[in-house]
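Peer 1: In order, the protein sequence lines correspond to chains A and B.
Numbered as in the numbering used here, the first sequence ends at 560 without a single skipped number.
Numbered as in the numbering used here, the second sequence ends at 1919 without a single skipped number.
Pasting a structure below so you can have a look.
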Amino acid sequence: MAIALVDGIVVEFDERENLNGIQLARRAGVEIPHYCWHPGLSVVASCRMCLVEIGFRNAVTGEVRLLPKLVAACNTPAQDGLVLVTQSAKVQQARAMVQEDLLLRHPVDCPICDKAGECLLQDYYYRYGHRQRRAPWGPFTSRRKDIGEKITLFVDRCIMCSRCVRFTREISGTAELMIVDRGNHQEIDIFPGFPINNKLSGNVVDLCPVGALGDKEFLYKQRVWYLTSHPSVCVQCATGCSIWVDENQDRIWRLRPRENPFVNKWWMCNDGRYAYPYVHSPQRLVGARRKAPDGWCDLDWSSLVEELRQFLEQKERLAAVVSPFLTVEEAYLLCRAIRQVDPRAPLVLGDVPQVGEDERFPGGFAIAREKCPNRRGVEEVIAHFIGRVPPVEELPELVRRHGAQAVWLSGEYPQGWAKLEWLPALAELGVALIVHDLFPSALCDRAEFVVGAPAFAEKAGSYVNRHDRLQSVPAAIRPPKGVFPAGRLLWRLLGQEGTYEPASVLQEVARNISYFRAALGTIPPVGVDLKVNLLAVAENGTVNDLGTESLMIG
Amino acid sequence: MTEFEPVLLANKDKDRSWTIQVYEGSGGYATLRHVLKEKSPEEVRKAVDSARLRGRGGAGFLTALKWSFLPKDHPGPFYMCVNADESEPGTFCNRVQLECDPHQVLEGIILSCYATGVQRAYIYLRYEYHLAFKRLTEAIKEAYDKNFLGRNIRGHDFSLDIYVHRGAGAYICGEETGLLSSLEGRRPYPRSKPPYPTVRGLFGKPTIINNVETLACVRHILERGPEWFRSIGTPPPPDDPQDPGSFGPKIFCLSGHVNRPGVYELPLGIPCGEVIERYGGGVWKGRRVKAVVVGGISTGLLSASELETPLDFSGPIRAGCLGLGTGGVVVLDETFPIVEVMYNGCRFFAHESCGQCTPCREGVPYALEVIERIRRGEGRLVDLDTLSEIGQAIGITPGTTICGLADGAAWVIRTCVSKFREELEDHIRRTNPQGYRRRLPPGTIVLPQGAPAGIVTRKVQTQWTIYPNYQLEMINKPTGN
């Protein structure tokens, strides 16, 4: 272990970690302000905000020698004996100068700027800036430039950190953005006719430390200080990006990537980022209803559970379609509930939507062709109950062979059911359907029960992505009135005591199903790798706790 | 130094001096033949080392020391970049060399490449030097024809190719790593050092970057020996072990308010006043000197009282300037206002800032704006403090920028404000008799939240200075883009 001193605080680190000065200081709990540096991008050291004094400590004598000049911390590799001084008068003067310089031609239009409230320029000016502006000229207007389908650029707010330019070159590999002109005339631009429309373009808005790049979907919709962020997982593909759901009063306003070095690093794709509006679609199924001789009969929460239980017990022979959009806990409870009534009931995996091929980007980010979040988890749950995982196409055959009289259909597909070829065959058998879904479909017309289901942000639970990483997230918003989260419904249906707690259900799953063994205990924000832990179980016969990986926030 | 004999410009006035016939006629390429036959690269390096040749491009780094930083066990290839992007204001010595005697430079390049094991050299030529480009490309062709370039030069197993690359008129390409980025086809943003170009330079390979004049000196060192070279110039002062001394001839470009401006090859260490009086024929119109730009505008100014400063690598530093720079001596007579010097210098550096580092990109135009206000007659005395603060804070010496070109702007401001503060104060008092004492610029709004919590009083909160034409100014102001 190497040792460095940051403002007198001793930091131990491993030189193989390749830390820079900013990361090193963060280990000591010292924040070094920076704009252009981002852990996922190359180092340019151009904003000069992270200037610090550095020196070296002689290991034998303990003598410290400081360099006479300031050095950019982002470009200083952490090494044994390094001494960082981040609070000296010299450093503070340099920071104040950079702050003053950056605001010279900045329009300071914070009242109409989307970034206000989460803007580094604002934050740092209050912390490190001069007390008063002495530049002898007034505010400027902010020119707006349309540079893409989703992205707009406020030219004069830009501080030229070039994060967005580096992102399009290094991560998305599309290189639409560039810097044109020179000196203080330079600005970010696109080549005429080649807008920034790649599938990762939304990330440049998150990367922008100031309000220069705006997201057209979010522009002027909400002030960020009204938003509450909740950790969640994107359900649009099997990559399962960690995200933040930003909501205000149960309405989602935007999704942002949440740093997870094991899944999505710092990025997410536009497919996931802009998919949330379906959550607030007026077409969604709300409430529960049962077929009555003269149409539909609405059910309230208390009677729904009772009626469902009676119905299931009366039908005796059952089957279920377990959707890959269910959480692990919900899938487990569903299988248990069905199998409690009918211990030989067939369980099938719901339709797994596939679109095109995996899309891979030079920076390592990948969008999976499989457009559902939890195929792996649901498969393992089904396999635990019936030993194999039949696809949904086998449903009519299984129902016929088993003589099932009622089928529980869980859907929750944001885009609706992709394939329903098996439905006529199922309808011929005359079984009763219990549909628990987001949107109306052909299934609802033939259903005995139709129950509104929650969207991804409305339910807590765990998802397993295609690389066997399990992430547990809480609910971000409350479901609309009359929507019954599958977990709570099934919990009541099973006659369990108390309220539905996904965490305790997951513990039960982890105890009962060996695949989920690594999920025992608390799940860290970055999730746990079920596959690695399975190997560890196989080798050592014990559960290896990898749940404490340290997390560096960008 | 009466016996000083010019060598770098010896051929300048000969008829068709740029052709290989004239050059060979005056002993050219004889050194190269001799060295290829008799000397090993190691011996060439030793000769340059013992001559204590320092780079003529501005920084004055020891050339042999730079060469010695090349990694020993690197598979190669190594590159040589010749910096001929001479764009420092007041400097035109490389131009004369390349136009009048390109073969001398080529011979220096070939010898240096031989010494360092380089097989490919690039000459980064300033775009505006059209004649130099023409003569240099012709000279390279002639050298190829005579097998001074190409494969197996003169039967030796040493090969070298030279390519001329023309810049596109950017000052920043004269910075060595900016030059490399430009050669690679990228935006000429200077790179952070370390790694230095000698370790990781052009296309990621070890690269030596030397100035045209430095390489021309290499040829003469090998022809006449290091002892001859060390007999010219000033030896290191005994009290400063860091100073390797300033040896050899240097080309000075004399311009400005003198009777005989031009290019003069003089020994290093010659006093500034002697250059002006003896070679420049004195200040024009019988006036006196007010200030002298020592070596290109970025080195700053000498005042009239500092004319005894020896023009070597350490003399201008002792006189409060950045250094010898490129040897572009610009003389300003007593009638010339210093604020115009600052204005012109800052305008140049604001225009030529590459825009990478915030302090240079925004700070120099800020200084320019302040100077423009002073010129418009709206200056305040406090502006000089602001200028001095900007001058102190920008550059690679305080560490706030990546490259050294920001220092150029800083030293102009710094030396002008420190050496000519009285004149500037007079100018401000005279042109702005009403407002020169004001602390804040008109239109300033003092925001209460900027003050620390303990001192926020009612007095501070009510101190809102509203400029009557505030709205109007906002609308009429150009956006700066």
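All residues carry an ideal CB built from backbone N, CA and C; glycine is no exception.
Just so you know, these numbers come straight off a predicted model, no measurement behind them.
What runs of the beta strand (DSSP E), each 3 residues or longer, lie entirely inside the segment 1646-1679 of chain B?
Peer 2: DSSP runs (the beta strand (DSSP E)) wholly in the segment 1646-1679 of chain B: none.
Peer 1: Helix, strand or coil: which one does DSSP assign to proline 402 of chain A?
Peer 2: helix
Peer 1: Using the beta-carbon count (16 or more within 10 Å), is glutamate 1867 of chain B buried or exposed?
Peer 2: Looking at the sequence itself, residue 1867 of chain B is arginine, so the reference to glutamate does not match. Exposed, because fewer than 16 other Cβ atoms sit within 10 Å of the Cβ of arginine 1867 of chain B.
Peer 1: Using alpha carbons as the reference points, say which of A/Ala102, A/Gly46 and A/Ala10 lies closest to alanine 1831 of chain B.
Peer 2: That would be A/Ala102, whose Cα lies nearest to the Cα of alanine 1831 of chain B.
Peer 1: Is glutamate 1441 of chain B helix, strand or coil when you go by DSSP?
Peer 2: coil
Peer 1: Since glycine 1546 of chain B is in the alpha helix (DSSP H), which residue starts that stretch and which ends it?
Peer 2: 1540-1554
Peer 1: Closer than 8 Å by beta-carbon distance: list the chain A residues that pair up with cysteine 1519 of chain B, in chain order.
Peer 2: Residues of chain A passing the Cβ test: none, with the nearest at roughly 22 Å.
Peer 1: Determine the DSSP secondary structure at aspartate 1451 of chain B, reduced to helix, strand or coil.
Peer 2: Of the three classes helix, strand and coil, the one that applies to aspartate 1451 of chain B here is coil, per DSSP.
Peer 1: Am I right that glutamate 322 of chain A and aspartate 364 of chain A are in contact with their C-beta atoms under 8 Å? What's the rounded C-beta distance?
Peer 2: Incorrect: roughly 44 Å between the Cβ atoms, too far for contact.
Peer 1: Extract the residue ranges of the beta strand (DSSP E) inside the segment 182-256 of chain A, only unbroken runs of 3 or more that lie entirely within it.
Peer 2: 183-186, 193-196, 219-221, 234-239 and 248-254
Peer 1: Between the C-alpha atoms of cysteine 1531 of chain B and glycine 1733 of chain B, what's the straight-line distance to the nearest angstrom?
Peer 2: 11 Å
Peer 1: What first and last residue would you give for the alpha helix (DSSP H) that runs through glycine 383 of chain A?
Peer 2: Where glycine 383 of chain A is concerned, the enclosing alpha helix (DSSP H) stretches over 381-392.
Peer 1: For chain A, find out if any of its Cβ atoms is closer than 8 Å to the Cβ of alanine 1831 of chain B; answer yes or no.
Peer 2: yes
Peer 1: Say whether chain A places a C-beta atom closer than 8 Å to the C-beta of proline 1693 of chain B.
Peer 2: At residue 1693 of chain B the sequence reads serine, which differs from the proline that was named. So, not an interface residue.
Peer 1: Counting beta carbon pairs with one atom in the segment 1503-1520 of chain B and one in the segment 1550-1569 of chain B, are three or more of them shorter than 8 Å?
Peer 2: yes
Peer 1: Where do the ends of the alpha helix (DSSP H) carrying lysine 96 of chain A lie?
Peer 2: 95-109
Peer 1: Going by DSSP, what residue range makes up the beta strand (DSSP E) through threonine 158 of chain A?
Peer 2: 157-160
Peer 1: Suppose the cutoff is 8 Å on Cβ atoms and the five residues either side in sequence are ignored; what does the same chain contact list for glycine 1892 of chain B look like?
Peer 2: At glycine 1892 of chain B, the pLDDT of 34 sits below 50, so the modelled position is not reliable and the matter cannot be decided from this model.
Peer 1: Hey, is proline 1922 of chain B's beta-carbon within less than 8 Å of any beta-carbon in chain A?
Peer 2: Lying outside 1439 to 1919, the shown extent of chain B, residue 1922 of chain B is not represented and no answer is given.
Peer 1: Would you decide whether proline 402 of chain A is buried or exposed? Buried here means 16 or more other CB atoms lie within 10 Å of its CB.
Peer 2: buried
Peer 1: Just to confirm before moving on: does the CB-CB distance between alanine 459 of chain A and histidine 442 of chain A stay below 8 Å?
Peer 2: yes
Peer 1: Since alanine 1489 of chain B is in the beta strand (DSSP E), which residue starts that stretch and which ends it?
Peer 2: From DSSP, alanine 1489 of chain B is part of no beta strand (DSSP E) but of the alpha helix (DSSP H) over 1479-1489.
Peer 1: Judging by CA-CA distance, which residue of B/Gly1612, B/Trp1505, B/Val1727 and B/Arg1852 is the nearest neighbour of lysine 1484 of chain B?
Peer 2: B/Trp1505
Peer 1: Tell me which residues of the segment 47-59 of chain A have at least one Cβ-Cβ distance to chain B shorter than 7 Å, keeping chain order.
Peer 2: Ala51, Ser52, Cys53, Arg54 and Leu57
Peer 1: Since I believe alanine 325 of chain A is in contact with valine 395 of chain A (beta carbons under 8 Å), could you give me their beta-carbon distance rounded to a whole number of angstroms?
Peer 2: With 8 Å as the limit, valine 395 of chain A and alanine 325 of chain A do not qualify as a contact, their Cβ atoms being about 14 Å apart.
Peer 1: By the criterion of Cβ-Cβ separation under 9 Å, what are the contact partners of glutamine 85 of chain A in chain B?
Peer 2: None at all; the shortest Cβ gap to chain B is about 13 Å.
Peer 1: Taking DSSP's pairing of strands, which residues face glutamate 21 of chain A in a bridge?
Peer 2: The partner list for glutamate 21 of chain A (beta bridge, DSSP) is empty, contrary to what the question assumes.
Peer 1: Should proline 1527 of chain B be flagged as near chain A, meaning a C-beta pair shorter than 8 Å?
Peer 2: no
Peer 1: Mapping DSSP to helix, strand and coil, what is tyrosine 41 of chain A?
Peer 2: coil
Peer 1: For leucine 449 of chain A, which residues of its own chain have a beta-carbon under 8 Å away from its beta-carbon, when the five flanking residues on both sides are left out?
Peer 2: These residues qualify, in order along the chain: Leu415, Gly417, Trp423, Leu426, Leu429, Leu439, Val441 and Asp443.
Peer 1: Residues of chain B with CB closer than 9 Å to the CB of alanine 492 of chain A, please, in chain order.
Peer 2: Simply none; closest approach about 50 Å.
Peer 1: When you compare the segment 331-343 of chain A with the segment 508-523 of chain A, are there three or more beta-carbon pairs, one atom per stretch, that lie closer than 8 Å?
Peer 2: Verdict: yes, contact present.
Peer 1: Check this for me: beta carbons of glycine 383 of chain A and serine 468 of chain A, under 8 Å apart or not?
Peer 2: yes
Peer 1: Within 10 Å of its beta-carbon, does tryptophan 272 of chain A have 16 or more other beta-carbons around it, so buried, or fewer, so exposed?
Peer 2: buried
Peer 1: Can you find a C-beta in chain B that's less than 8 Å from the C-beta of glycine 189 of chain A?
Peer 2: yes
Peer 1: Please state whether DSSP places glutamate 1614 of chain B in a helix, a strand or coil.
Peer 2: helix
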